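Visitor: Note that the protein sequences, when read in sequence, are chains V and G. Yeah, the first sequence ends on 480 if you go by our numbering, and it's all consecutive. Yeah, the second sequence ends on 307 if you go by our numbering, and it's all consecutive. Supplied in structure tokens, the structure appears directly below.
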Amino acid sequence: MKFEYAPAPESRATAEIAPSYGLFVDGGFREAADGRTFKTVSPSTEEVLSEVAHGGEADVDAAVAAARAAFPGWSALPGAERAKYLFRIARLVQERARELAVLETLDNGKPIRETRDTDLPLVAAHFFYYAGWADKLPHAGLGPNPRPLGVAGQIIPWNFPLLMLAWKVAPALATGNTVVLKPAETTPLTALRFAEICRQAGLPAGVVNVVTGDGTTGAALAAHPGLDKVAFTGSTSVGRAIARSLAGTGRRLTLELGGKAANIVFDDAPLDQAVEGIVNGIFFNQGHVCCAGSRLLVQESVADELLGRLKRRLGTLRLGDPLDKNTDIGAINSPEQLARIRQLADTGDAEGATRWTAPCDLPSTGYWFPPTLFTGVTQAHRIAREEIFGPVLSVLTFRTPDEAVAKANNTPYGLSAGVWTEKGSRILWMAQRLRAGVVWSNTFNRFDPTSPFGGYQESGYGREGGRHGLEPYLDV
Amino acid sequence: MSDTSAARLSVLKTYKLFIGGAFPRSESGRVYDVTTPDGRWLANAPLASRKDARDAVVAARKAFPKWSGATAYNRGQILYRIAEMLQGRHDQFRIQLAEAQGVDADRAAAAVDAAIDRWVWYAGWTDKISQVAGATNPVAGPYLNLSSPEPTGVVAVVAPVGSPLLGLVSVLAPVIATGNTAVLVADPAAPLPALTLAEVLATSDLPGGVVNVLTGRPAELGPPLAGHQDVNALDLTGASPDLAVDLEAAAAETLKRIHRPRTAEDFTADPGTGRLTAFLETKTVWHPIGV
């Protein structure tokens with residue numbers, strides 16, 4: 005029996021978009037020094053949403069100078085006062101959550117169900133959590149007198165625009181640093197709305213600065229000599245370039261980069277629950293998730309049964325209008341990303357894996373890729389080694405726990421992993437051996453502001469979230 | 017006071033206890049005079065009885081599963097909401113403190129400010145205390161060994177004397193921040209801020225029964241609380257030295273946790289974590305590791 009769904013669109017009216025936006029520097033909005041702008045489009049319709057100032061080197065200079073000027077006052081505030089600013093921001097985000105969710109969905113292409121139920125609650129919670137740390141830093145176990153570093157340059161990706169902003173800005177401000185934030189080129193709008201929230205909260209000018217632009221803006225910020233700290237979330241290749249450019253400068257750096265997580269299903273796992281976890285692991289946010297469970301490692305004895313159930317489940321996913329409240333799979337964020345997903349998926353075919361595509365119609369405008377899985381994947385295939393950053397799952401099998409560990413760890417990355425089994429001791433045995441910064445057992449893609457997140461090896465260094473997320477912003 | 021307000025007779029408030037989220041009169045029907053330090057009558061406060069104390073314990077026990085089972089984030093949101101609501105009543109508390117203590121408006125206002133900030137301080141602790149007080153322990157064997165703090169249960173609090181808002185908040189907030197529920201005996205000389213705070217608590221999404229406020233004589237209310245089988249801990253901050261010794265002895269029968277500061281506390285100082293950890297148990301879970 006096939007269920008039909010009537011359209012259930014969320015109203016766009018809660019999120020008005022101005023025809024143009026400026027940079028947020030020193031508490032005010034301004035055009036780029038050279039007057040350049042770029043367009044931001046809705047990936048689901050290709051509609052131009054707004055024109056945004058394209059920050060250049062002069063704008064980065066101005067923003068870093070504003071942050072530097074704001075630093076003495078901000079860092080000298082009693083922690084309890086800094087805390088109250090952050091609590092205000094948390095509350096304002098909660099109050100404006102629907103507006104921000106709609107805006108994020110328009111600009112990013114991800115389903116409103118995710119922005120409304122995942123991104124925005126986590127954003128508010130992250131500010132709330134770090135607000136509480138601002139006056140408790142001596143209790144954080146990082147030494148008796150932790151001190152802020154100074155000015156932080158923060159560069160964030162397009163997959164969780166406002167959530168990544170929260171992960172960067174909240175701990176930096178709580179610890180007394182000031183920031184210059186560079187949002188992703190394709191998703192600048194919620195960061196600029198956040199700048200308005202900073203003004204509503206009465207945050208002193210220059211404590212938060214937002215410089216929009218493309219990769220050149222980000223590169224100018226990352227290499228800026230006026231910074232004390234750089235924090236980057238994005239691809240491993242850009243992370244490497246930033247690490248190179250900071251080598252020898254003494255500036256602090258945290259990197260949250262790519263991943264190729266193994267999601268490991270044992271034969272005693274609760275299969276229906278595992279299917280939901282696999283779906284959530286790789287098809288959440290169209291697979292635009294650095295910790296996505298993009299490699300399914302399934303024990304051979306249950307592989308056929310699991311794949312049968314998985315394909316049935318994928319057939320029920322609804323792809324389409326991201327603003328529709330019933331939509332499970334939204335649009336791919338950009339044509340560039342779509343091209344990369346297509347190209348890597350094509351190598352799967354070329355190298356001998358078997359492609360299966362969920363039966364669903366793709367809209368005629370916008371950027372779309374259907375939920376896809378490959379079976380017959382070997383560890384040598386590119387789709388088993390490279391981060392696709394899209395809704396593509398590579399399925400491999402194993403026979404013994406040792407083999408599962410060996411295959412899971414056979415990657416230069418090390419961000420996350422999943423383990424599915426009813427046996428608690430095995431979960432912990434696996435967790436001990438997996439070289440990954442986050443291990444989810446009988447669940448996947450769970451996030452919480454109290455829980456540290458970050459990777460081993462080429463997935464980057466430093467942790468965001470939790471008590472551990474304070475350390476990258478403190479001189480201890 | 018302007019002429020128009022002088023011409024109009026104001027409405028006086030009937031102060032009542034706060035038990036289980038409701039505002040009952042004392043079952044005993046008793047009240048006592050509340051005055052300013054120089055003797056001007058302010059109001060009648062309920063003179064709570066032993067039965068009121070037992071009712072408050074029942075309410076606190078009933079509220080414990082839900083409150084201790086709420087997420088730390090949720091508790092933090094509610095404690096922060098209390099700060100928001102207290103901020104909105106700043107003037108009311110400033111006037112009440114000035115009358116209760118005979119202090120000037122600035123000093124009273126500073127105490128209200130500090131009390132608001134104290135709620136914010138503890139709102140931030142709800143989801144951090146286990147990260148500071150808990151641990152994974154590296155036992156010498158193939159086991160995960162995880163220690164986490166848990167609330168001890170129902171805590172009876174004798175509120176400090178002479179600090180009817182800041183002192184009160186400073187002893188109450190840490191008890192409930194971690195998931196305990198509380199029966200509070202207010203400062204008998206200045207009970208009105210405690211009863212007004214109950215109105216703040218009642219409008220802050222705090223579930224009924226998490227905080228219960230009694231006004232009356234600590235010497236009358238202390239013993240039934242100290243001897244009660246369903247009270248897990250006592251905070252004797254406001255008990256006189258003689259009463260504290262008696263209550264500690266009574267509490268020994270049920271091995272209640274006792275918190276009794278050795279010296280007078282300065283409630284304007286950094287509160288630290290001592291009042292949080294005083295009412296926590298530590299639970300350690302072992303789990304084997306192996307295929």
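Backbone N, C-alpha and C fix where the C-beta goes; we use that ideal spot for every residue, glycine too. Keep in mind the model is a prediction, meaning the values are calculated, not measured.
#1: Return the chain-ordered ranges of every alpha helix (DSSP H) run that is complete within the region 293-349 of chain V and spans a minimum of 4 residues.
#2: Can you tell me where the beta strand (DSSP E) with G:VAL226 in it begins and where it stops?
#3: Less than 8 Å between the CB atoms is what I'm expecting for G:LEU188 and G:ALA130, so what's the real figure, rounded?
#4: Write down the C-beta distance between V:GLY135 and V:ALA94 rounded to the nearest angstrom, noting that I regard them as a contact closer than 8 Å.
#5: Whose C-beta lies closer than 7 Å to the C-beta of V:ALA71 among residues of the same chain, with five residues either side of it excluded?
#6: Is V:SER48 near V:ALA22, with beta carbons less than 9 Å apart?
#7: Cβ of V:TYR9 less than 9 Å from any chain G Cβ?
#8: Ignore the nearest five residues each way along the sequence and tell me which others in G:GLU43's own chain have a CB closer than 8 Å to its CB.
#9: Could you check the C-alpha separation between V:ASP365 and V:ARG467 for me, to the nearest Å?
#10: Mind listing the chain V neighbours of G:ALA6? Cutoff is C-beta to C-beta under 7 Å, in chain order.
#11: Is any beta-carbon of chain V found at less than 9 Å from that of G:HIS303?
#12: At a CB distance below 7 Å, what residues from the region 406-432 of chain V approach chain G? Give them in sequence order.
#13: Any idea which residues DSSP pairs V:VAL29 with across the strands?
#14: Let me confirm a value: V:LYS233 is counted as buried when at least 16 other C-beta atoms fall within 10 Å, else exposed. Which label applies?
#15: Pull up the DSSP beta-bridge partners for V:ARG359, would you.
#16: Should V:ARG299 and V:LEU438 be called a contact, given that it needs their Cβ atoms to be closer than 9 Å?
#17: Which residue spans inside the region 147-224 of chain V form an unbroken beta strand (DSSP E) run of at least 3?
#18: In this structure, how does DSSP classify G:ASP143 when only helix, strand and coil are distinguished?
#19: Would you kindly work out how many angstroms separate the C-alpha atoms of V:PRO326 and V:ARG16, rounded to a whole number?
#20: Please state whether the Cβ-Cβ distance between V:LEU301 and V:ALA266 is less than 9 Å.
#21: Which residue from G:THR194, G:ALA151, G:GLU166 and G:VAL171 puts its Cα closest to that of G:LEU160?
#22: Between the alpha carbons of V:HIS197 and V:VAL242, how many angstroms are there, rounded?
#23: Is DSSP giving G:ALA76 helix, strand or coil here?
#24: For V:PHE91, return the contacting residues in chain G, with the cut-off set at a CB-CB distance below 7 Å.
#25: Starting from G:LEU58 and walking both ways along the beta strand (DSSP E), at which residues does that stretch end?
#26: Step through the CB atoms of chain V and report whether any lies within less than 9 Å of the CB of G:ASP143.
#27: Should V:TRP137 be labelled buried (16 or more other beta-carbon atoms within 10 Å of its own) or exposed?
#28: Count the other CB atoms, across all protein chains shown, that sit within 10 Å of the CB of G:TYR31; report buried if there are 16 or more and exposed otherwise.
#29: Identify the contact partners of V:ALA532 in chain G, using a Cβ-Cβ distance below 7 Å as the criterion.
#30: Counting only the same chain and skipping the five closest in sequence on each side, list residues whose C-beta sits under 8 Å from that of V:GLU390.
#31: Kindly confirm or deny that the region 24-41 of chain G and the region 229-237 of chain G touch, where touching means at least three C-beta pairs closer than 8 Å.
#32: Run through chain G and tell me which residues come within less than 9 Å of V:ALA84, C-beta to C-beta.
#33: Which value, in whole angstroms, describes the spacing of the CA atoms of V:ILE387 and V:THR351?
#34: Report the rounded CA-to-CA distance for V:TRP360 versus G:ALA193, giving the unit in angstroms.
#35: Could you give the C-beta distance for V:ALA105 and V:ASP123, rounded to a whole number, given that I count them as a contact under 8 Å?
#36: By alpha-carbon positions, which one of V:GLY26, V:VAL173, V:GLU8 and V:ILE268 ends up nearest to V:ARG403?
Guide: Let me lay it out:
#1: Entirely contained in the region 293-349 of chain V, the alpha helix (DSSP H) runs reaching 4 residues are, in chain order, 304-318.
#2: Here residue 226 of chain G refers to the residue found at position 210 of the second sequence. DSSP places G:VAL226 outside any beta strand (DSSP E), giving it a letter other than H or E.
#3: Position 172 of the second sequence, counted from the start, is the residue given in the question as residue 188 of chain G. Position 114 of the second sequence, counted from the start, is the residue given in the question as residue 130 of chain G. Not quite, the Cβ-Cβ distance comes to about 14 Å (not below 8 Å), so this is no contact.
#4: Reading the first sequence from its first residue, position 131 is the one you call residue 135 of chain V. Reading the first sequence from its first residue, position 90 is the one you call residue 94 of chain V. Position check: residue 135 of chain V holds Ala in this sequence, whereas Gly was assumed. So it is a contact: roughly 6 Å between Cβ atoms.
#5: Sequence index remark: in the first sequence, residue 71 of chain V carries index 67 (1-based). VAL155, THR182, VAL183, VAL184, GLY210 and ASN213.
#6: Counting from 1 along the first sequence, the entry for residue 48 of chain V is found at position 44. Counting from 1 along the first sequence, the entry for residue 22 of chain V is found at position 18. Result no, Cβ atoms of V:SER48 and V:ALA22 do not sit closer than 9 Å.
#7: By one-based count along the first sequence, residue 9 of chain V stands at place 5. Cβ-Cβ to chain G under 9 Å: no for V:TYR9.
#8: As a position in the second sequence, residue 43 of chain G is number 27, starting the count at 1. Its chain contains SER65, LYS67, ASP68 and ASP71 as the residues whose beta carbon lies nearer than 8 Å to that of G:GLU43, once the 5 sequence neighbours on both sides are disregarded; these appear in chain order.
#9: Reading the first sequence from its first residue, position 361 is the one you call residue 365 of chain V. Reading the first sequence from its first residue, position 463 is the one you call residue 467 of chain V. Near 40 Å, if we compare the C-alpha coordinates of V:ARG467 and V:ASP365.
#10: The first residue shown for chain G is 17 and the last is 307, placing residue 6 of chain G beyond what the model contains.
#11: For this step, residue 303 of chain G is matched to residue 287 along the second sequence. It does; some Cβ of chain V falls within 9 Å.
#12: Hits within the stretch, in order: GLY428, SER429, ARG430 and LEU432.
#13: Position 25 of the first sequence, counting from 1, holds the residue named residue 29 of chain V. V:VAL29 is bridged by DSSP to V:GLY32.
#14: As a first step, residue 233 of chain V must be located in the first sequence, where it is residue number 229. Its Cβ being crowded by 16 or more others within 10 Å, V:LYS233 is buried.
#15: For the purposes of this step, residue 359 of chain V is taken as residue 355 along the first sequence, with counting starting at 1. When beta bridges are read from the DSSP output, V:ARG359 appears opposite V:PHE378.
#16: Within the first sequence, numbered from 1, the residue matching residue 299 of chain V stands at position 295. Within the first sequence, numbered from 1, the residue matching residue 438 of chain V stands at position 434. Not in contact: V:ARG299 and V:LEU438 (Cβ atoms no closer than 9 Å).
#17: Taken in chain order, the complete beta strand (DSSP E) segments of 3 residues or longer contained in the region 147-224 of chain V are 155-159, 182-186 and 212-214.
#18: On the second sequence, residue 143 of chain G is found 127 positions in, with the first residue counted as 1. Note: G:ASP143 maps to coil in three-state DSSP.
#19: Working through the first sequence from its first residue, we reach residue 326 of chain V at position 322. Working through the first sequence from its first residue, we reach residue 16 of chain V at position 12. Answer to the nearest angstrom: the Cα atoms are 11 Å apart.
#20: As a first step, residue 301 of chain V is located in the first sequence; it is residue number 297 there, counting from the start. As a first step, residue 266 of chain V is located in the first sequence; it is residue number 262 there, counting from the start. Their beta carbons are under 9 Å apart, which means V:LEU301 touches V:ALA266 by this criterion.
#21: Position 144 of the second sequence, counted from the first residue, corresponds to residue 160 of chain G. When each option's Cα is compared against that of G:LEU160, the closest is G:ALA151.
#22: Locating residue 197 of chain V in the first sequence gives position 193, counting from the first residue. Locating residue 242 of chain V in the first sequence gives position 238, counting from the first residue. It should be pointed out that residue 197 of chain V corresponds to Arg in this sequence rather than to His. Approximately 26 Å, taken between the alpha carbons.
#23: Position 60 of the second sequence, counted from the first residue, corresponds to residue 76 of chain G. Note: G:ALA76 maps to helix in three-state DSSP.
#24: Start at 1 with the first residue of the first sequence, and residue 91 of chain V comes out as number 87. Near V:PHE91 (Cβ distances below 7 Å), the residues of chain G are TYR96 and VAL136.
#25: Taking the first residue of the second sequence as position 1, residue 58 of chain G is located at position 42. That run of the beta strand (DSSP E) goes 57-62.
#26: Your numbering for residue 143 of chain G matches position 127 in the second sequence. Yes, G:ASP143 lies at the interface with chain V (some Cβ there is under 9 Å from its Cβ).
#27: Position 133 of the first sequence, counted from the start, is the residue given in the question as residue 137 of chain V. By the 10 Å Cβ count, V:TRP137 comes out buried.
#28: For the purposes of this step, residue 31 of chain G is identified with residue 15 of the second sequence, where counting begins at 1. Note on G:TYR31: 16 or more other CB atoms within 10 angstroms of its CB, so buried under the neighbour-count rule.
#29: Residue 532 of chain V lies beyond the stretch modelled for chain V, which goes from 5 to 480, so this question has no answer here.
#30: Within the first sequence, residue 390 of chain V is the residue found at index 386, counting from 1. Only LYS264 and LEU348 meet the Cβ criterion.
#31: Contact holds: three or more Cβ-Cβ distances are below 8 Å.
#32: By one-based count along the first sequence, residue 84 of chain V stands at place 80. Under the 9 Å cutoff, chain G gives ASP133, VAL136 and TRP137.
#33: The residue labelled residue 387 of chain V in the question sits at position 383 within the first sequence. The residue labelled residue 351 of chain V in the question sits at position 347 within the first sequence. Taking C-alpha positions only, V:ILE387 is separated from V:THR351 by approximately 7 Å.
#34: The residue given as residue 360 of chain V occupies position 356 in the first sequence. The residue given as residue 193 of chain G occupies position 177 in the second sequence. V:TRP360 and G:ALA193: Cα-Cα distance of roughly 52 Å.
#35: On the first sequence, position 101 is the one that residue 105 of chain V refers to. On the first sequence, position 119 is the one that residue 123 of chain V refers to. The pair is a contact, with the Cβ atoms about 7 Å apart (cut-off 8 Å).
#36: On the first sequence, position 399 is the one that residue 403 of chain V refers to. Cα-wise, what sits closest to V:ARG403 is V:ILE268.
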